[in-house]
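When you read off a place in the sequence shown, starting at 1, and then add 188, the result is the number in this note's numbering.
Written below as structure tokens is the structure these notes are about.
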Amino acid sequence: MKLAIFGVGGFIGSNLVEHLIEQGEHEVVGMDVTKDKLAGIEGPNFRFVDGNVGEDVATAKELTAWADAVVDLIAYANPSIYVQSPLDVVQLNFFENMKILEYCLEAGTRLIQYSTSEVYGKRTRDEEYHDDHSDLVMGPVQKQRWIYASSKQLLERIIYAHGIRGDLEYSIIRPFNFVGPRFDYLVPAGSRGGPRVFSHFVSALLSGGPIHLVDGGGQHRCFTHIKDASEAFSAIVENPGGRNEIFNVGNPNTNITMRGLAELMTNIYEELTGKKPDNEIIEISGEDFYGKGYEDMDRVPPNVDKLRALGWEPTRDLDTIFREAIEYYLAPERHAAIL
Ligand code: UDP
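What follows is the structure, encoded as structure tokens:
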């Protein structure tokens with residue numbers, strides 16, 4: 189299969205390319221404005237194109253027409269950006285993504301759209317999130333955190349409507365907190381906002397700075413090893429049952445609170461380095477950490493029966509997920525800049 193990946197230079201894209209090179213079954217072209225995370229990732233079936241899908245329209249359309257499937261990974265996916273720059277979020281996560289949808293419609297190419305588990309919004313019940321049956325519940329407009337989820341939700345609905353009309357073949361992937369090597373970036377001691385929770389906690393462990401527990405740290409998340417996530421991609425793209433369907437990609441067995449995560453990562457860090465961390469734990473409100481308009485939510489585990497029916501099963505546990513991600517940042521050249 190010929191795959192064109194837009195937004196290939198990020199955390200999910202770079203790991204996906206690594207997986208596709210290892211697999212060696214598909215011809216892959218990736219386009220992005222950055223390629224730092226692709227350093228050293230090379231293979232005979234992968235080519236990188238430097239460019240912006242919204243500006244280098246001819247190239248993006250050419251790649252779309254060449255491909256059997258377009259993979260859309262273009263997104264801002266950090267809650268701090270939703271709060272600080274809501275209009276940039278809607279511009280990139282909705283309007284730029286709409287352009288890719290238009291290219292696919294024009295060329296008759298299948299679209300693999302990465303969305304988000306955030307479309308489910310607030311937890312309203314104790315049931316697992318089901319790809320096809322759960323409600324999607326957002327906070328008020330004044331909580332601009334939800335502009336990201338709203339953008340993704342509308343994009344999903346438009347893609348789905350095209351599927352019903354019969355002019356688009358698609359698959360939608362809803363990631364549940366993927367973690368692994370090359371995730372986000374590190375920050376100096378005491379930083380607020382910025383990257384996601386793993387990066388804050390590992391930065392604190394490396395720098396000795398405080399670990400912030402936002403809104404008490406009782407919120408739950410299920411984390412997914414990036415390799416399980418890449419394998420899910422293959423199951424969805426290669427299997428006829430993956431067509432015109434929406435899939436949760438997550439691991440229901442890794443449910444943990446943020447307080448529990450801080451403890452787990454502290455223990456793993458100690459085992460890996462032989463140094464006992466003594467980071468101060470600071471409880472902080474979401475608005476003080478991210479800014480006005482942030483709203484946190486508790487998340488329930490995903491139901492992944494639809495994906496299991498395609499032969500996929502997440503196999504990496506919490507310890508493996510965080511051990512490998514911490515190990516990646518333990519290399520001195522990767523954390524020297526924050527010390
Ligand atoms: N969080 C935290 N400390 C941090 C960073 C984040 O307690 O230093 C919390 C955040 O408020 C949320 C959870 O960790 O409850 C996960 O946040 P993240 O930004 O990783 O992703 P989300 O799942 O909200 O998109």
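Ideal Cβ positions, reconstructed from N, Cα and C, are used throughout, including at glycine.
Could you tell me which residues DSSP pairs with glutamate 215 in its beta bridges? Looking up residue 215 in the sequence shown gives position 27. Looking at the DSSP assignment, glutamate 215 forms a beta bridge with Lys190.
Just to confirm my understanding: we take valine 241, look at its own chain, exclude 5 residues before and 5 after, and list those with CB closer than 7 Å. What are they? Walking along the sequence shown from the start, residue 241 turns up at place 53. Around valine 241: Phe194, Met219, Ala248, Ile262, Glu284, Lys287 and Ile288.
Taking only three categories from DSSP, how would you classify leucine 324? The residue you call residue 324 lines up with position 136 of the sequence shown. Residue state, collapsed to three classes: coil.
First through last residue of the alpha helix (DSSP H) which encompasses threonine 461: What you label residue 461 is simply residue 273 of the sequence shown in a count that begins at 1. First-last of the alpha helix (DSSP H) with threonine 461: 446–461.
Bridge-paired residues (DSSP) for leucine 220: Within the sequence shown, numbered from 1, the residue matching residue 220 stands at position 32. Correcting the residue type first, residue 220 is aspartate in the shown sequence and not leucine. Aspartate 220 is bridged to Asp238.
Measure from the alpha carbon of proline 490 to the alpha carbon of each residue in Leu393, Arg311, Glu426 and Leu293, then state which is nearest. Counting from 1 along the sequence shown, the entry for residue 490 is found at position 302. For the residues Leu393, Arg311, Glu426 and Leu293, the minimum Cα distance to proline 490 belongs to Arg311.
Between phenylalanine 364 and glutamate 515, what straight-line distance do the alpha-carbon atoms span, to the nearest angstrom? For the purposes of this step, residue 364 is taken as residue 176 along the sequence shown, with counting starting at 1. For the purposes of this step, residue 515 is taken as residue 327 along the sequence shown, with counting starting at 1. Each residue's alpha carbon lies about 21 Å from the other.
Where asparagine 467 and aspartate 244 are concerned, what is the direct C-alpha to C-alpha distance, given to the nearest angstrom? As a working note, residue 467 is residue 279 in the sequence shown. As a working note, residue 244 is residue 56 in the sequence shown. Distance between the alpha carbons of asparagine 467 and aspartate 244: 47 Å.
CA nearest to the CA of histidine 523, picked from Leu506, Phe366, Glu459 and Gly396: Counted from its first residue, the sequence shown places residue 523 at position 335. When each option's Cα is compared against that of histidine 523, the closest is Gly396.
Below 8 Å, how does it come out for the stretch 316–335 and the stretch 288–302: are there three or more Cβ pairs, yes or no? no
Which value, in whole angstroms, describes the spacing of the CA atoms of arginine 487 and phenylalanine 236? Here residue 487 refers to the residue found at position 299 when the sequence shown is read from its first residue. Here residue 236 refers to the residue found at position 48 when the sequence shown is read from its first residue. Each residue's alpha carbon lies about 36 Å from the other.
Beta-bridge pairing of threonine 412 - partner residues as DSSP gives them: Locating residue 412 in the sequence shown gives position 224, where the first residue counts as 1. BP columns for threonine 412 point to Phe366.
Determine the DSSP secondary structure at tyrosine 482, reduced to helix, strand or coil. Position 294 of the sequence shown, counting from 1, holds the residue named residue 482. Three-state result, tyrosine 482: coil.
So, does the stretch 360–375 touch the stretch 415–430, judging by three or more C-beta pairs under 8 Å? yes
I'd like the list of long-range same chain contacts for tyrosine 373, defined as Cβ closer than 7 Å, with 5 residues on each side in sequence excluded. For the purposes of this step, residue 373 is taken as residue 185 along the sequence shown, with counting starting at 1. So the qualifying residues of the chain are Pro383 and Ser387.
Any heavy atom of the ligand UDP closer than 7 Å to the beta-carbon of asparagine 365? Residue 365 sits at position 177 when you count from the first residue of the sequence shown. For the ligand UDP, at least one heavy atom lies less than 7 Å from the Cβ of asparagine 365.
Assumed close pair valine 402, methionine 446 - CB separation to whole angstroms, cut-off 8 Å: Numbered from 1 along the sequence shown, position 214 holds the residue referred to as residue 402. Numbered from 1 along the sequence shown, position 258 holds the residue referred to as residue 446. Confirmed, Cβ separation roughly 7 Å.
First through last residue of the alpha helix (DSSP H) which encompasses valine 385: Mapped onto the sequence shown, residue 385 falls at position 197. Run containing valine 385: 385–395, per the alpha helix (DSSP H) assignment.
Buried or exposed: where does glycine 499 fall if 16 or more other Cβ atoms within 10 Å of its Cβ makes it buried? By one-based count along the sequence shown, residue 499 stands at place 311. Glycine 499 should be labelled exposed.
Which residues does DSSP list as the beta-bridge partners of tyrosine 348? Locating residue 348 in the sequence shown gives position 160, counting from the first residue. DSSP output for tyrosine 348 lists no bridge partner at all.
Candidates Ser422, Thr442 and Leu394, of which the one nearest glutamate 521 by Cα: The residue you call residue 521 lines up with position 333 of the sequence shown. Among Ser422, Thr442 and Leu394, the Cα nearest to that of glutamate 521 belongs to Leu394.
Can you tell me the Cβ-Cβ gap for isoleucine 200 and isoleucine 229, rounded? I've got them flagged as a contact below 8 Å. For the purposes of this step, residue 200 is identified with residue 12 of the sequence shown, where counting begins at 1. For the purposes of this step, residue 229 is identified with residue 41 of the sequence shown, where counting begins at 1. Wrong, their Cβ atoms sit about 13 Å apart, outside the cutoff.
Select from Gly378, Glu512 and Thr412 the residue whose C-alpha is nearest the C-alpha of phenylalanine 477. The sequence position of residue 477 within the sequence shown is 289, counting from 1. The shortest Cα separation from phenylalanine 477 among Gly378, Glu512 and Thr412 belongs to Gly378.
Hey, quick one: how far does the alpha helix (DSSP H) through histidine 318 stretch, first residue to last? As a working note, residue 318 is residue 130 in the sequence shown. Counting along the chain, histidine 318 falls outside any alpha helix (DSSP H), and DSSP gives it neither H nor E.
Within 10 angstroms of the Cβ of alanine 255, are there 16 or more other Cβ atoms? Answer buried if so, exposed if not. In the sequence shown, the residue the question calls residue 255 occupies position 67. Buried, because 16 or more other Cβ atoms sit within 10 Å of the Cβ of alanine 255.
Beta-carbon within less than 6 Å of phenylalanine 369's beta-carbon, same chain only, minus the 5 sequence neighbours each way: which residues are those? Numbered from 1 along the sequence shown, position 181 holds the residue referred to as residue 369. The residue asked about is misnamed: residue 369 is proline in this sequence, not phenylalanine. Closer than 6 Å at the Cβ level, and outside the excluded window around proline 369, lie Tyr516.
Please tell me whether glutamate 450 and isoleucine 469 are closer than 8 Å, where the distance is taken between their beta carbons. Your numbering for residue 450 matches position 262 in the sequence shown. Your numbering for residue 469 matches position 281 in the sequence shown. The identity of residue 450 in the sequence shown is alanine, whereas the question assumes glutamate. Cβ distance < 8 Å, so alanine 450 and isoleucine 469 count as in contact.
Kindly indicate which three-state DSSP category glutamine 407 falls into: helix, strand or coil? The count along the sequence shown starts at 1 and reaches residue 407 at position 219. Reduced to three states, the DSSP call for glutamine 407 is coil.
Leaving out five residues on either side along the sequence, give the residues of the same chain with a beta carbon under 7 Å from the beta carbon of asparagine 281. Indexing the sequence shown from 1 puts residue 281 at position 93. For asparagine 281, where only same-chain residues beyond five positions count, the Cβ hits under 7 Å are Ala263, Tyr264, Tyr336, Ser339 and Lys340.
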